[in-house]
Amino acid sequence: MSIHVLSETVAAQIAAGEVIERPASVVKELIENALDAGASQIHVEIVEGGRRLIRVSDDGHGITMAEADLAFARHATSKINRIEDLNHLNTLGFRGEALHSIAAISRVTLVTRSTGEASGTRLHAAGGEIQERRRVGSPAGTVVTVEDLFYNTPARLKFLKNDVTERRHITSLVTQYAMAYPSVVFSLLQDGREAFRTYGTGVLADVLVKTLGADVFRDMLEVQPQPPSRPDLPPVEVTGFTSTPDQNRSNRGHITLFVNGRIIRDSSLTYAVSQAYHTLMPRDRFPVAVLMIAVPPDEVDVNVHPTKAEVRFRSPDVVFSAVQKAVRTAIIQQAPAPIVSRDTLSESSRWQSYGGATRRPSTLGSRYQQQELELELEGAGEYGQRLHPESSMPSSDLAGYGSEAMTAIPQGMGRPSQPRTLPMLRVLGQAGAAYIVTEGPAGLYLIDQHAAHERILFEQYLSEQAAQAVASQQMLSAVTVELPLAAISLLEEHAEDMSRLGFELEPFGGQTMRIRALPAMLAKIDPSEALQIILGDLETGSKPGQQTLEQQIALRVCKAAAVKAGQILSITEMQDIVRQLERCQAPLTCPHGRPTLIHISAEQLAREFGRT
Ligand code: ADP
Ligand code: MG
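Read in order, the letters of the sequence shown are residues 0 to 611 in numbering that gives the first Met the number 0.
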């Protein structure tokens, strides 16, 4: 075959393939045009998964009669003139390709009336040729009807999935736009039946209740704008909703991201979202999230992909960390601590029928595990009578051994007034200088000594804080520390937080700070080291309100004060930890979400040993 230039029709059909992959791509382009036209109502109608018919109606500004033809020309757009315009783009479209592409591979009817004109225009095109043009009466706005998509590109038609699949793609697209534009009314009619509608209240939550369902939405945490981390970096605002760690999914598909009102795919940002759940969610699970990312238009290149589904950031790291930080802050601030409530006790029979505590001992799921363990409590009393929990090992064997390594397990912290949240556990010994091996009514329990102790200290701190009596320990002789000026002013700025935490600090002139008292938990730690631990937090100070900063520091204090892995513990010390853990409100995870305890059930052991 000789070299020749393709006919315009074939060239258009080929080019269309890049923009229009499936019916949902048509819906996407038409919705974007409606939004660009300032519509406050967008109605989408499809028949047979969009193959037969797609109709998008809007009440936007419409197209003037003089320009209606031009809308179908290739590279015809009203949205940009020069390439630099992309740097301050505030429309979704700019390529001038969509209507041209759609017309090349379907039969299109455009009915439009510009808000400034008295009558409207009706245009019909098929296979890229305009076939009919008339003046018509019509309401202001635009209705684009696309019929028989891919009728003249049989190869593409063959690749379409069944109606159900195409319908699903369209539904997900319409619901995503509805989330991104809560002030616009969206409706979706599928084969004559209304499948979805929003009310344009302008409140994202109203849309999410519909798109995610009320049950899922109940477990969503609001992501709020964070102050910029550094003034010299481009501002990135992240808002929206993200799920509690409990509400997780097996894939990343429930993470929906918008950049400046555009639905985007970005594996790195998706990773940033799931990364924010690090240690709070098992590795192979993913959150549900709907996040609006706003960046200055010149910080993002939208001209990367014909379908505009991918964008490129000028400072991807800044966006990444802004997303991660905003989500993380939402989780840390708002996720409810897993609490064992009385109600769950009565539900325990439900869990029993699932095989209860024998399931997935190593996952971090909080609420579920709490419930799973809950049912063992029922057997605990009986067990306790048969086998006295503290009897069988002579503690003298190990007593005193390494006891000076013990830092801060406060005495009398058994808190018998607290309800028991774990079954009574008998300490058998220590493994790897890091784990306490215990036995309970339903098998073997391995406890991470550091994680468990952190949990205990944290809850102790919380209850002291609630009683407004955080234990503070006076220094025998006041200690002075030399600090950078910035650190001194940080400490002064947060003087109130510090004293609530149990610090008594006194500026001593210049760069010197005098420490008169420390939180009792930190009594065993070098005072200046203790201050350093806290300064780190004050500096990075994600500072989402004083309260949280205080909690953040409390976490840090607990971590520093807790026994470390590698510390040899005496039996008494281990018993102390276990007794206290048994009465923690959320004994199954450390305050950072790592598990404190792994349960190996009696059944599991029997199975492993081939006894069943
Ligand atoms: P782009 O959106 O990239 O400009 P399109 O091919 O999608 O290209 O549309 C071409 C032009 O037609 C747009 O720039 C706009 O001026 C006009 N147009 C298309 N759809 C609508 C609509 N629903 N309301 C008003 N104008 C529209
Ligand atoms: Mg467009």
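Positions of the beta carbon are idealized from the N, C-alpha and C atoms, including for glycine.
Minimum Cβ-Cβ distance from residue i to chain C less than 9 Å
i: A477; result: Absent here is chain C; the protein component of the structure consists of one chain.
Burial state of residue i, where buried means 16 or more other Cβ atoms lie within 10 Å
i: R94; result: buried
i: D283; result: exposed
i: K160; result: exposed
i: M520; result: buried
i: V4; result: exposed
i: V301; result: buried
i: R606; result: exposed
i: R329; result: Per the sequence shown, residue 329 should be read as Ala rather than Arg. Counting Cβ neighbours within 10 Å, A329 comes out buried, since at least 16 surround it.
i: H74; result: exposed
i: E491; result: exposed
i: R385; result: The pLDDT assigned to R385 is 28, lower than 50, so where the model puts this residue is not dependable, and the model offers no usable value.
i: I576; result: buried
i: M423; result: buried
i: F608; result: exposed
i: R582; result: buried
i: F457; result: buried
i: I45; result: buried
i: H61; result: The sequence given here has Gly at residue 61, not His. With 16 or more other Cβ atoms within 10 Å, it is buried.
i: M0; result: exposed
i: A485; result: exposed
i: S340; result: With a pLDDT of 31 at S340, under the threshold of 50, the modelled position of that residue is not reliable, and the figure given next carries that caveat. When all chains shown are included, S340 counts as exposed.
i: N80; result: exposed
CB-CB length for residue i against residue j, believed under 8 Å
i: V294; j: V206; result: At roughly 22 Å, the Cβ-Cβ gap does not stay under 8 Å, so V294 and V206 are not in contact.
i: T111; j: A67; result: 6 Å
i: Y43; j: L187; result: Looking at the sequence shown, residue 43 is not Tyr but Val. About 5 Å; that satisfies the 8 Å criterion.
i: H253; j: V222; result: With a Cβ gap of about 15 Å, H253 and V222 do not count as contacting.
i: F216; j: I41; result: That pair is no contact at about 23 Å.
i: T241; j: V173; result: Not a contact, Cβ separation roughly 22 Å.
i: Q175; j: I262; result: 5 Å
i: M280; j: N247; result: 5 Å
i: M474; j: P526; result: 7 Å
Any non-hydrogen atom of ligand 2 closer than 8 Å to residue i Cβ
i: L554; result: no
i: E66; result: no
Residues near residue i in its chain [Cβ-Cβ closer than 6 Å; skip 5 each side]
i: Q333; result: L220
i: D35; result: T90, L91, G92
i: E127; result: Correcting the residue identity first, residue 127 is Gly in this sequence and not Glu. Cβ neighbours of G127 beyond the five flanking positions: T8, A11, A102, A103.
i: A15; result: S100, A103, I104
i: R313; result: E298
i: L109; result: L122, V143
i: M64; result: T120
i: G260; result: A179
i: A321; result: V235, V237
i: L574; result: At residue 574 the sequence reads Gln, which differs from the Leu that was named. Here the set comprises V426.
Contacts around residue i, its chain only, beta-carbon distance under 8 Å, and the 5 residues preceding and following it disregarded
i: I599; result: P360, G442, L443, Y444, L445
i: M497; result: L490, L504, I533
i: A194; result: T170, L187, L188
i: D190; result: I45, V46, E47
Closer than 8 Å: residue i CB and nearest ligand 1 heavy atom
i: D84; result: no
i: M119; result: In the sequence under discussion, the amino acid at residue 119 is Gly, which differs from the Met named in the question. Not under cutoff, so the answer is no.
i: I62; result: yes
i: R94; result: yes
i: E116; result: no
i: L5; result: no
i: S612; result: Absent from the model: residue 612. The displayed extent of the chain is 0 to 611, so no value can be given.
i: G16; result: no
i: G191; result: no
i: A529; result: no
i: G59; result: yes
i: D35; result: yes
i: R99; result: Sequence check: residue 99 is His here, not Arg. Yes, Cβ of H99 sits closer than 8 Å to a heavy atom of ligand 1.
i: S77; result: yes
i: A124; result: no
i: P29; result: The identity of residue 29 in the sequence shown is Leu, whereas the question assumes Pro. True, at least one ligand heavy atom lies under 8 Å from that Cβ.
i: G140; result: yes
i: Y90; result: According to the sequence displayed, residue 90 carries Thr and not Tyr. Yes, ligand 1 has a heavy atom inside 8 Å of this Cβ.
Close Cβ partners of residue i (< 7 Å) along its chain, the five nearest in sequence each way excluded
i: Q472; result: A516, L517, A519, A522
i: Y400; result: Its pLDDT being 29, under 50, Y400 is placed unreliably by the model, and nothing is read from it.
i: R555; result: I532, I533, D536
i: A601; result: A441, G442
i: I19; result: V25, S100, I101, I104
i: Q545; result: Caution is warranted here: a pLDDT of 38 is assigned to Q545, below 50, making its placement in the model unreliable, and the coordinate value is therefore given only provisionally. Hits under 7 Å: D496.
Check: residue i C-beta below 8 Å from any heavy atom of ligand 4
i: V143; result: Of the ligands one can find in the structure shown, namely ligand 1 and ligand 2, none is ligand 4.
| task | Check each residue's C-beta against every heavy atom of ligand 2 and list, in chain order, those closer than 5 Å. | result | N32, G92, A97
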